[in-house]
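In our numbering, the protein residues as written are 5 to 391. Where is the CB? At the ideal position from N, CA and C, for every residue including glycine.
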Amino acid sequence: FFAPLNPQPADALLALIGLFRNDPRSHKIDLGVGVFRDDAGKTPVMRAVKAAEHKLWESQDSKSYLGPEGNVAFARHMARLALGEVELSGRLSGVQTPGGTGALRLAAELVAATRPGATVWVGTPTWPNHPPILAAAGLKMQTYRHFDPASQTLTFDAVMDALNKAQAGDVALLHGCCHNPTGADFSLDQWKAIAATLSERGIVPFLDLAYQGLGLGMEQDAAGVRLVMGACPEALIAYSCDKNFGVYRDRVGALIVQTASAADSDRVSSNVLALARANWSMPPDHGGAVIATLLDDPALAADWKAELDTMRDRLLGIRDALASHGGVLARVAEQRGMFSLLPLSPDVVKHLREDHAVYMAGSGRINIAGLSVETAGIFAKALAASL
Ligand code: PLP
Ligand code: TYF
Numbered sequence: 005f006f007a008p009l010n011p012q013p014a015d016a017l018l019a020l021i022g023l024f025r026n027d028p029r030s031h032k033i034d035l036g037v038g039v040f041r042d043d044a045g046k047t048p049v050m051r052a053v054k055a056a057e058h059k060l061w062e063s064q065d066s067k068s069y070l071g072p073e074g075n076v077a078f079a080r081h082m083a084r085l086a087l088g089e090v091e092l093s094g095r096l097s098g099v100q101t102p103g104g105t106g107a108l109r110l111a112a113e114l115v116a117a118t119r120p121g122a123t124v125w126v127g128t129p130t131w132p133n134h135p136p137i138l139a140a141a142g143l144k145m146q147t148y149r150h151f152d153p154a155s156q157t158l159t160f161d162a163v164m165d166a167l168n169k170a171q172a173g174d175v176a177l178l179h180g181c182c183h184n185p186t187g188a189d190f191s192l193d194q195w196k197a198i199a200a201t202l203s204e205r206g207i208v209p210f211l212d213l214a215y216q217g218l219g220l221g222m223e224q225d226a227a228g229v230r231l232v233m234g235a236c237p238e239a240l241i242a243y244s245c246d247k248n249f250g251v252y253r254d255r256v257g258a259l260i261v262q263t264a265s266a267a268d269s270d271r272v273s274s275n276v277l278a279l280a281r282a283n284w285s286m287p288p289d290h291g292g293a294v295i296a297t298l299l300d301d302p303a304l305a306a307d308w309k310a311e312l313d314t315m316r317d318r319l320l321g322i323r324d325a326l327a328s329h330g331g332v333l334a335r336v337a338e339q340r341g342m343f344s345l346l347p348l349s350p351d352v353v354k355h356l357r358e359d360h361a362v363y364m365a366g367s368g369r370i371n372i373a374g375l376s377v378e379t380a381g382i383f384a385k386a387l388a389a390s391l
């Protein structure tokens, strides 16, 4: 029965985890998969998350089913993190999803249910899971260039060309902040131009917000998303709080949908719930319950923000240290979030791994958090020796 299946390649980013683990060299450096690390190379459970888990363990008196919408208080909190003082009512709806990935898939299926075979415009390079998620929902994809690795510049003209080519009813997938894999985010002026073009041309924004707070701050990182939501009557946000709360394996995210009218919102919600039921029935509760508990408690929320601030400052410090070495690293300090994409050939990436025990994605993407201000110099030297 299964003979017709063709073997599929493993996820190259996740495969690096095993390769790195099996390298006996003690000076090895892991710049692969996108998780935050501290100076000791650890990805710790955040203090406030641990405390909220404890509080939840003490207070939770049932694990009975919720519904396909998951934890409603959690979804409201995610909408407020992304958009400020909003309610999930009227034109805005939201549900909990298994991670940002679940939100992306649910959003893609909602688009496909509304407009079968709709076209989604995607800037490249992008997160490697974006294209298969869109394809799995039966959507078409049109690509344009977001970033030129050689000059380390965001190719804004190409972005605007693409949006001016798109048709009304097409969808534009945009990284809300901390672009993966390039760290090349739009300026506020660029977001304004994008928002105006999307609304003028009737293109529906599909915003992937997976790193809020790891770029410049919780508010600054949402500024572009908020501009677009203000300009466009209809929009989708796939929110992940797996990075900014450090709850990766708990799979915590939300899909937020803005519609032109409250009647549309009811239509959308009933379809979102039907699609969620056909996928996972109900999202896993634990992570969402923990984060709702955390954000409901002002002291825990303040401690979470304080720890997130130190995480972001660590990334910015490493970016400055890297950029001080110049060359291909010169513009890393202008980029944001966990990633930068260096113009390195697969041969150079291989050489760095084999001769210097530096692990990074084959694309030349580095996870900034895998370095420290101290090891930034070691990495820069290894890089110079490999070019
Ligand atoms: N979107 C982007 C750009 C990402 O880098 C990730 C990373 O995991 C996700 C979405 C998915 O997040 P999650 O792990 O919550 O599914
Ligand atoms: O890009 C990254 O490294 C993160 C983590 O299939 C990730 O987004 C990588 C691959 C994957 C899921 C998550």
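Start and end of the beta strand (DSSP E) containing residue i?
{"i": "F343", "result": "F343 to L345"}
{"i": "L213", "result": "V208 to L213"}
{"i": "T123", "result": "T123 to T128"}
{"i": "L177", "result": "V175 to H179"}
{"i": "Q262", "result": "V256 to Q262"}
{"i": "L35", "result": "I33 to L35"}
{"i": "V362", "result": "V362 to M364"}
Can you tell me which of the three DSSP states residue i falls into?
{"i": "G219", "result": "coil"}
{"i": "G321", "result": "helix"}
{"i": "V251", "result": "coil"}
{"i": "P239", "result": "Rather than Pro, the amino acid found at residue 239 in this sequence is Ala. Residue state, collapsed to three classes: strand."}
{"i": "M233", "result": "helix"}
{"i": "G291", "result": "helix"}
{"i": "P48", "result": "coil"}
{"i": "A305", "result": "helix"}
{"i": "W131", "result": "coil"}
{"i": "A327", "result": "helix"}
{"i": "A334", "result": "coil"}
{"i": "A188", "result": "coil"}
{"i": "V39", "result": "coil"}
{"i": "S63", "result": "helix"}
{"i": "Q224", "result": "helix"}
{"i": "A7", "result": "coil"}
{"i": "R4", "result": "The chain is shown from 5 up to 391; residue 4 falls before or after that span and cannot be answered."}
{"i": "M286", "result": "coil"}
{"i": "L348", "result": "coil"}
{"i": "R316", "result": "helix"}
{"i": "H183", "result": "coil"}
Would you grab the beta carbon distance between residue i and residue j for me? Rounded to a whole angstrom, and I think it's under 8 Å.
{"i": "L178", "j": "L211", "result": "6 Å"}
{"i": "R281", "j": "P72", "result": "5 Å"}
{"i": "A258", "j": "V124", "result": "Rounded, the Cβ-Cβ distance is 20 Å, inconsistent with contact."}
{"i": "V377", "j": "G321", "result": "6 Å"}
{"i": "G366", "j": "V352", "result": "That belief does not hold up - the Cβ atoms of G366 and V352 are roughly 10 Å apart, past 8 Å."}
{"i": "G374", "j": "I33", "result": "6 Å"}
{"i": "G45", "j": "L17", "result": "That pair is no contact at about 17 Å."}
{"i": "W195", "j": "V232", "result": "7 Å"}
{"i": "D324", "j": "A310", "result": "The Cβ separation is near 21 Å, so there is no contact."}
{"i": "P135", "j": "M145", "result": "6 Å"}
{"i": "L333", "j": "I372", "result": "In fact, because the Cβ distance is near 11 Å, the residues do not count as touching under 8 Å."}
{"i": "G104", "j": "A239", "result": "Not a contact, Cβ separation roughly 16 Å."}
{"i": "N26", "j": "G292", "result": "Contact doesn't hold; Cβ gap of about 35 Å is too wide."}
{"i": "Y252", "j": "L20", "result": "Contact flag wrong, Cβ pair sits at about 15 Å."}
{"i": "L298", "j": "A56", "result": "4 Å"}
{"i": "A79", "j": "V90", "result": "The pair is not a contact, with the Cβ atoms about 11 Å apart (cut-off 8 Å)."}
Looking at the strands, I want to know which residues DSSP matches up with residue i.
{"i": "Y69", "result": "None; Y69 has no bridge partner."}
{"i": "Q171", "result": "Answer by DSSP bridge pairing: none, since Q171 is not bridged."}
{"i": "T147", "result": "V126"}
{"i": "T157", "result": "D152"}
{"i": "S244", "result": "G257"}
From what residue to what residue does the alpha helix (DSSP H) around residue i run?
{"i": "P135", "result": "H134 to A140"}
{"i": "I370", "result": "Run containing I370: none in the alpha helix (DSSP H); it sits in the beta strand (DSSP E), R369 to N371."}
{"i": "L277", "result": "A266 to N283"}
{"i": "L23", "result": "A16 to R25"}
{"i": "S203", "result": "L192 to R205"}
{"i": "G381", "result": "V377 to S390"}
Report the start-end ranges of each alpha helix (DSSP H) in the stretch 72 to 128 that is 4 residues or longer and not cut off at the edges. For the stretch 72 to 128, whole alpha helix (DSSP H) runs of length 4 or above, ordered along the chain, are 76 to 87 and 103 to 118.
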